Amino acid sequence: MIAVLSADLLSSSSYPRELLENSIVRLNSEFNSLAKLTRQASEFEIYRGDSFQGIIYEPSKALLFALRIKTAINSLHLENEKMNRSFKRQADLRIAIGIGTYDFKRPSIPESNGQAFQFSGRTLDEMKSDNRKIGLKTPNSNINEEFNASLLLLDTLSEKWSTASAEVIYYLLKEFKETEIAAELGISQSAVNQRKKAAGWEAIDVLLTRYNTVINQHFSHEQ
Numbered sequence: 001m002i003a004v005l006s007a008d009l010l011s012s013s014s015y016p017r018e019l020l021e022n023s024i025v026r027l028n029s030e031f032n033s034l035a036k037l038t039r040q041a042s043e044f045e046i047y048r049g050d051s052f053q054g055i056i057y058e059p060s061k062a063l064l065f066a067l068r069i070k071t072a073i074n075s076l077h078l079e080n081e082k083m084n085r086s087f088k089r090q091a092d093l094r095i096a097i098g099i100g101t102y103d104f105k106r107p108s109i110p111e112s113n114g115q116a117f118q119f120s121g122r123t124l125d126e127m128k129s130d131n132r133k134i135g136l137k138t139p140n141s142n143i144n145e146e147f148n149a150s151l152l153l154l155d156t157l158s159e160k161w162s163t164a165s166a167e168v169i170y171y172l173l174k175e176f177k178e179t180e181i182a183a184e185l186g187i188s189q190s191a192v193n194q195r196k197k198a199a200g201w202e203a204i205d206v207l208l209t210r211y212n213t214v215i216n217q218h219f220s221h222e223q
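For the sequence shown, the positions run 1 to 223 when UniProt numbering is used.
Here's what the structure looks like:
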């Protein structure tokens, strides 16, 4: 079993050139970083300039990876607007996780196929009409029902993030301590803590733990 992430940047045609370029650079940087976190390196490929697909060989890490990518993009801000980092984020994406078999391997990820690819691609299409930002589909209907509700709540929570909130969540997902985040961003630890609480980190952490437990119980990269 593998996990496939399918995603596209939202309203990318309206992005200023600098923001679109920064988004692509940030995505590639994050892909390289995430590839080092699993025994078999995850693979990602950008296509059409504003979409990507990725293969994660440890499905239990898929939600973490999706949120790392999401917050990396949500925290982007243009150079001339750095003073407004607490304002509404300028870049966002829609991302679908599919967990299943890997039946047809090709050198190019978009040319590959299998259950995980189909689940991910179809879920991404369905999310467009539902105005969802993150979704999950597996062969297990009970798991799908549980996380459909959980991820809807996550959508509601993340819609309230500013670029500053997303930035703090990003570093928490990288397991930085509050003091380390404060040093990285040049702000006080109390400011980090306030942004952490405002962004709903405790609920996100619980969701990640639950996802990891459930997916490890039912799926693994050896299956």
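Where is the CB? At the ideal position from N, CA and C, for every residue including glycine.
All values reported here derive from a predicted model rather than from experimental measurement.
So, under 8 Å CB-CB, residue i and residue j are touching, yes? Tell me the CB distance rounded to an integer number of Å.
i: proline 110; j: tyrosine 47; result: 6 Å
i: arginine 94; j: aspartate 8; result: 6 Å
i: tryptophan 161; j: alanine 199; result: 6 Å
i: serine 120; j: valine 4; result: 4 Å
i: leucine 208; j: leucine 64; result: 6 Å
i: leucine 19; j: alanine 72; result: Rounded, the Cβ-Cβ distance is 13 Å, inconsistent with contact.
i: isoleucine 143; j: histidine 77; result: Actually they do not touch by this definition, with Cβ atoms about 36 Å apart.
i: isoleucine 69; j: isoleucine 2; result: No, isoleucine 69 and isoleucine 2 are not in contact; Cβ-Cβ is about 17 Å, not under 8 Å.
Buried or exposed: residue i, going by 16 or more other Cβ atoms within 10 Å of its Cβ?
i: glutamine 53; result: buried
i: leucine 67; result: buried
i: asparagine 216; result: exposed
i: glutamine 40; result: exposed
i: alanine 96; result: buried
i: valine 206; result: exposed
i: serine 13; result: exposed
i: phenylalanine 44; result: buried
i: lysine 36; result: exposed
i: glycine 135; result: buried
i: proline 16; result: exposed
i: valine 25; result: exposed
i: lysine 197; result: exposed
i: threonine 123; result: buried
i: lysine 105; result: exposed
i: aspartate 50; result: buried
i: residue 229; result: Residue 229 falls outside the range modelled here, since the chain spans only 1 to 223, and no answer is possible.
i: glutamate 81; result: The pLDDT assigned to glutamate 81 is 49, lower than 50, so where the model puts this residue is not dependable, and the model offers no usable value.
Measuring CB to CB, does residue i end up less than 8 Å from residue j?
i: isoleucine 99; j: alanine 62; result: yes
i: phenylalanine 176; j: glutamate 184; result: yes
i: threonine 179; j: glutamine 189; result: yes
i: serine 23; j: asparagine 212; result: no
i: threonine 163; j: serine 75; result: yes
i: threonine 38; j: glutamate 58; result: yes
i: isoleucine 181; j: tyrosine 171; result: yes
When DSSP builds the beta bridges, which residues end up paired with residue i?
i: serine 162; result: Lys88
i: isoleucine 99; result: Ala3
i: lysine 137; result: Gly98
i: glutamine 53; result: Ser6 and Glu45
i: phenylalanine 104; result: Asn113
i: leucine 93; result: Leu9
Nearest chain C C-beta to residue i closer than 8 Å, yes or no?
i: serine 12; result: The chain inventory of the structure shown lacks chain C, comprising one protein chain alone.
With a cut-off of 8 Å, do at least 3 Cβ pairs link the segment 140-159 to the segment 102-116? A contact between stretches requires three or more CB pairs, one per stretch, nearer than 8 Å, and the segment 140-159 fails this requirement with the segment 102-116.
Is the segment 197-213 close to the segment 153-168, with three or more CB pairs under 8 Å? Flag = yes, the segment 197-213 and the segment 153-168 touch.
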